[in-house]
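Top line first, the protein sequences correspond to chains Y and A.
Numbering follows my numbering, in which position 14 of the first sequence is assigned residue number 411; successive positions increment by one, without gaps.
Numbering follows my numbering, in which position 217 of the second sequence is assigned residue number 279; successive positions increment by one, without gaps.
Following: one structure in structure tokens, then a few remarks.
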Amino acid sequence: MEQILIYFYENKEALFIIALTIFLGIEVISNVPSVLHTPLMSGANAISGVIIIGGIILLGHTDLSTISLNMILGIFAVIFGTLNVVGGFVVTDRMLEMFKKKKKK
Amino acid sequence: MDTYISQIGVTTGDVILEFSYLIAAIMFVIGLKFMSHPETARKGNIWAAVGMGLAMVTTLFLHRENGQTISLINGMVVVAAIVFGSILGIIIARRVKMTAMPQLVSLFNATGGGASALVALMEYSNPANESALVTLLGLVIGSIAFSGSMIAYGKLDGKVGDIFAKWTTYFNIFMLVVIAAVMVYMLAFDHDMATMTILSYILLVLALIYGVMFVMPIGGADMPVVISLLNSLTGIAAAMAGFIYHNQAMILGGIFVGSAGAILTLLMCKAMNRSLLNVIIGAFGGGGAGVDKEHGAVKEITLSDASVLLAYSQKVVIVPGYGLAVAQAQFVANELVQLLENKGVEVKFAIHPVAGRMPGHMNVLLAEADVPYTKLVEMDDINPDMPNTDVTVIIGANDVVNPAALDDPSSPIYGMPIINAHESKNIIVMKRGMGKGYAGIENFLFFDDKTRMLFGNAKDSLQKLVSEIKEL
Numbered sequence: 398m399e400q401i402l403i404y405f406y407e408n409k410e411a412l413f414i415i416a417l418t419i420f421l422g423i424e425v426i427s428n429v430p431s432v433l434h435t436p437l438m439s440g441a442n443a444i445s446g447v448i449i450i451g452g453i454i455l456l457g458h459t460d461l462s463t464i465s466l467n468m469i470l471g472i473f474a475v476i477f478g479t480l481n482v483v484g485g486f487v488v489t490d491r492m493l494e495m496f497k498k499k500k501k502k
Numbered sequence: 063m064d065t066y067i068s069q070i071g072v073t074t075g076d077v078i079l080e081f082s083y084l085i086a087a088i089m090f091v092i093g094l095k096f097m098s099h100p101e102t103a104r105k106g107n108i109w110a111a112v113g114m115g116l117a118m119v120t121t122l123f124l125h126r127e128n129g130q131t132i133s134l135i136n137g138m139v140v141v142a143a144i145v146f147g148s149i150l151g152i153i154i155a156r157r158v159k160m161t162a163m164p165q166l167v168s169l170f171n172a173t174g175g176g177a178s179a180l181v182a183l184m185e186y187s188n189p190a191n192e193s194a195l196v197t198l199l200g201l202v203i204g205s206i207a208f209s210g211s212m213i214a215y216g217k218l219d220g221k222v223g224d225i226f227a228k229w230t231t232y233f234n235i236f237m238l239v240v241i242a243a244v245m246v247y248m249l250a251f252d253h254d255m256a257t258m259t260i261l262s263y264i265l266l267v268l269a270l271i272y273g274v275m276f277v278m279p280i281g282g283a284d285m286p287v288v289i290s291l292l293n294s295l296t297g298i299a300a301a302m303a304g305f306i307y308h309n310q311a312m313i314l315g316g317i318f319v320g321s322a323g324a325i326l327t328l329l330m331c332k333a334m335n336r337s338l339l340n341v342i343i344g345a346f347g348g349g350g351a352g353v354d355k356e357h358g359a360v361k362e363i364t365l366s367d368a369s370v371l372l373a374y375s376q377k378v379v380i381v382p383g384y385g386l387a388v389a390q391a392q393f394v395a396n397e398l399v400q401l402l403e404n405k406g407v408e409v410k411f412a413i414h415p416v417a418g419r420m421p422g423h424m425n426v427l428l429a430e431a432d433v434p435y436t437k438l439v440e441m442d443d444i445n446p447d448m449p450n451t452d453v454t455v456i457i458g459a460n461d462v463v464n465p466a467a468l469d470d471p472s473s474p475i476y477g478m479p480i481i482n483a484h485e486s487k488n489i490i491v492m493k494r495g496m497g498k499g500y501a502g503i504e505n506f507l508f509f510d511d512k513t514r515m516l517f518g519n520a521k522d523s524l525q526k527l528v529s530e531i532k533e534l
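In structure tokens:
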């Protein structure tokens with residue numbers, strides 16, 4: 398229990414970020430026309446690929462001199478993260494491209 | 063300045079790295095804000111993507127662990143994995159048809175959740191990592207998001223069926239309790255490394271099973287809600303991993319997506335007038351509701367009758383549904399609209415918030431066919447106009463026009479707002495057959511005296527209709 402309390406104290410800045418970011422997310426999404434729900438969900442999905450940073454840090458500092466489980470899992474983590482980021486942004490762009498095409502008319 | 067910075071053990075690179083994370087975080091927020099307006103949406107997506115790219119590059123070059131930056135060999139392996147993932151991602155994202163978009167979002171969401179779970183799994187056995195609680199949370203949430211999204215993908219793609227049974231609810235509650243118990247056991251007592259590692263793998267498997275069983279009983283119109291919920295979970299899992307590395311960009315990005323996804327989930331539930339709890343328990347598909355109600359035979363309409371009816375109407379409303387998406391009929395639908403407009407008929411599309419398999423699914427589809435924005439009218443705006451509508455054409459939609467939602471309290475969709483197609487003067491229903499909608503319930507609109515059925519694939523029917531009207 399004490400450990401958890403200490404942990405919270407040590408990470409108080411992060412808790413501030415979390416609390417404020419929750420409100421930020423609610424604020425940004427609340428007034429969205431339903432036309433954009435699908436692209437927005439897709440865009441948000443791409444941003445959730447931010448885990449790729451963790452993947453890069455992990456694989457970047459893994460000992461690669463021997464083939465280890467960590468190395469294989471790390472490579473998969475980076476590939477998965479990249480798929481989420483790149484695939485997510487490209488799909489969102491494809492959806493939004495169609496809105497733009499129509500506007501030119 | 064350089065000397066002071068080096069005295070506290072910080073290099074200029076560290077400062078640049080942290081700054082780049084700040085910029086990336088700001089770009090995520092601005093990007094999503096831009097994405098919430100049609101005019102700036104595309105720009106917003108690019109902002110968010112650039113922010114992500116920036117954070118990736120600076121991490122690769124500047125991140126230090128125990129004073130060491132990422133070595134050349136490691137860097138090359140990382141870059142190779144990123145290049146491979148990028149090429150694969152671009153190919154998948156470019157090749158998929160617009161109809162399969164919802165599945166694709168779910169699939170990419172699964173990979174994100176999977177990455178979070180893998181990072182947490184490896185960090186757990188890293189002795190330098192002191193944040194056991196968030197690591198375990200990241201592992202569990204990421205795994206649930208991964209397996210849940212994979213099942214959601216399989217369901218939308220028609221590869222996985224539904225399981226509706228009372229026991230799934232109890233089983234899922236039981237699984238949650240077990241997962242929580244294992245976590246508490248791991249956190250509260252000190253174990254040797256080997257035991258902990260084994261336990262973390264057990265936790266991984268349990269969470270994966272829970273993810274599968276969580277999505278399994280959910281079906282029908284609830285699918286979009288689940289994808290949005292899983293999307294939110296992936297964000298939270300990424301934020302948990304952010305805690306491990308004290309990485310503000312990951313924490314902010316993850317929580318931001320988590321809360322945005324959560325609010326989007328609630329908005330969708332509200333659009334269907336269902337509580338989130340109801341969705342999760344999976345009350346849809348019970349069947350049997352309203353079966354004792356009498357209904358007559360359905361009446362079919364010939365193509366020539368349908369074309370005359372449409373061409374000589376004043377006001378026509380088209381209600382598109384998933385059938386339109388499956389048949390890829392959006393282009394022909396637009397052709398029909400233009401043809402009718404040239405004949406002086408006023409045509410509008412009525413968009414139900416949950417028509418198709420995702421909110422906004424119909425908008426995206428019709429935008430692809432160049433249907434002008436102004437022709438798409440939302441449910442609440444078109445309903446007052448329905449009694450003045452001469453013909454309502456329902457193309458592959460079912461549950462969103464089912465009047466049982468209004469007047470049959472025993473129906474599983476009772477209370478969901480619908481497009482009041484039954485109030486218009488005539489109704490033409492284009493359908494492949496007499497199959498039930500995704501919610502698996504009977505639609506008495508089809509037996510209404512004003513309703514005429516036009517059976518067949520939506521694209522074929524529309525094409526024939528277009529050529530009939532041309533000959534008039």
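Built from N, CA and C at the ideal position, the CB exists for glycine as well.
Only a predicted model underlies this, so the values are computations on that prediction, with no experimental measurement involved.
Partners in chain A for Leu480 of chain Y, counting only beta-carbon separations shorter than 7 Å: The contacting residues are Gly147, Leu150, Gly151, Phe170, Thr173.
Environment of Glu504 of chain A [buried if 16+ CB atoms lie within 10 Å]: Glu504 of chain A is buried by the Cβ-count criterion.
Residue-level contact to chain Y via CB, Leu516 of chain A, 8 Å cutoff: Chain Y has no Cβ within less than 8 Å of the Cβ of Leu516 of chain A.
Contact with chain A by Phe486 of chain Y, beta-carbon distance below 8 Å: Yes, Phe486 of chain Y counts as interfacial toward chain A.
Three or more C-beta pairs below 8 Å linking the region 284-293 of chain A and the region 429-442 of chain Y: The count of Cβ pairs closer than 8 Å, one atom from the region 284-293 of chain A and one from the region 429-442 of chain Y, reaches three, so the stretches are in contact.
Exposure of Asn404 of chain A, with buried meaning 16 or more beta-carbon neighbours within 10 Å: Around the CB of Asn404 of chain A, fewer than 16 other CB atoms lie within 10 Å, so the residue is classed as exposed.
Neighbour flag for His484 of chain A against chain Y, beta carbons, 8 Å: By this cut-off, His484 of chain A is not an interface position.
Leu402 of chain Y versus Ile260 of chain A - alpha carbon distance: Approximately 27 Å between the Cα atoms of the pair.
Separation of Ile480 of chain A from Pro465 of chain A, as counted between CA atoms: Taking the straight line from one Cα to the other gives about 7 Å.
Tyr406 of chain Y at chain A interface by Cβ criterion, 8 Å: Not closer than 8 Å to any Cβ of chain A, the Cβ of Tyr406 of chain Y fails to qualify, so no.
Gly422 of chain A to Met438 of chain Y span [Cα, whole Å]: Using only the alpha carbons, I get a separation of about 10 Å.
Chain A within 8 Å of Ser465 of chain Y, Cβ atoms only: Answer no: the Cβ-Cβ gap between Ser465 of chain Y and chain A never drops below 8 Å.
Neighbourhood of Val399 of chain A by C-beta distance below 6 Å, restricted to the same chain and skipping five residues each side: Only Val409 meet the Cβ criterion.
Other residues of its chain near Gly137 of chain A: CB distance less than 7 Å, five sequence neighbours each side excluded: Take Gly137 of chain A, set aside five residues on each side of it, and the residues of its chain with a beta-carbon closer than 7 Å to its own are Leu122, in chain order.
Limits of the unbroken beta strand (DSSP E) element including Asn171 of chain A: Membership of Asn171 of chain A in any beta strand (DSSP E) is not indicated; the residue belongs instead to the alpha helix (DSSP H) covering 163-186.
When A:Ala179, A:Ile78, A:Leu339, A:Ala214 are compared against Leu166 of chain A, the one with the closest alpha-carbon: Out of A:Ala179, A:Ile78, A:Leu339, A:Ala214, A:Ala214 has the C-alpha closest to the C-alpha of Leu166 of chain A.
Cβ of Glu399 of chain Y within 8 Å of any chain B Cβ: Within the model displayed, chain B is absent; protein chains Y and A are what it includes.
Leu417 of chain Y, buried or exposed, once every other Cβ within 10 Å from all chains shown has been counted against 16: Exposed, by the Cβ-count rule.
Inter-residue spacing [alpha-carbon to alpha-carbon] between Ala351 of chain A and Ala143 of chain A: Residue confidence for Ala351 of chain A is low, a pLDDT of 38 falling below 50, so the modelled location carries little weight and cannot support an answer.
Phe411 of chain A, DSSP secondary structure in three states: Phe411 of chain A carries a strand assignment under DSSP once its states are collapsed to helix, strand and coil.
Beta-carbon spacing of Val244 of chain A, Leu268 of chain A below 8 Å: Yes, the pair counts as a contact, with Cβ atoms nearer than the cut-off.
Secondary structure of Ile456 of chain A, DSSP reduced to three states: Residue state, collapsed to three classes: strand.
Listed by chain order, chain Y residues near Leu314 of chain A by CB distance under 7 Å: By Cβ distance, chain Y contributes Ile414, Thr418.
Proximity test, Cβ basis, 8 Å: Ile448 of chain Y and chain A: Interface annotation, Ile448 of chain Y: in contact with chain A, CB-CB separation under 8 Å.
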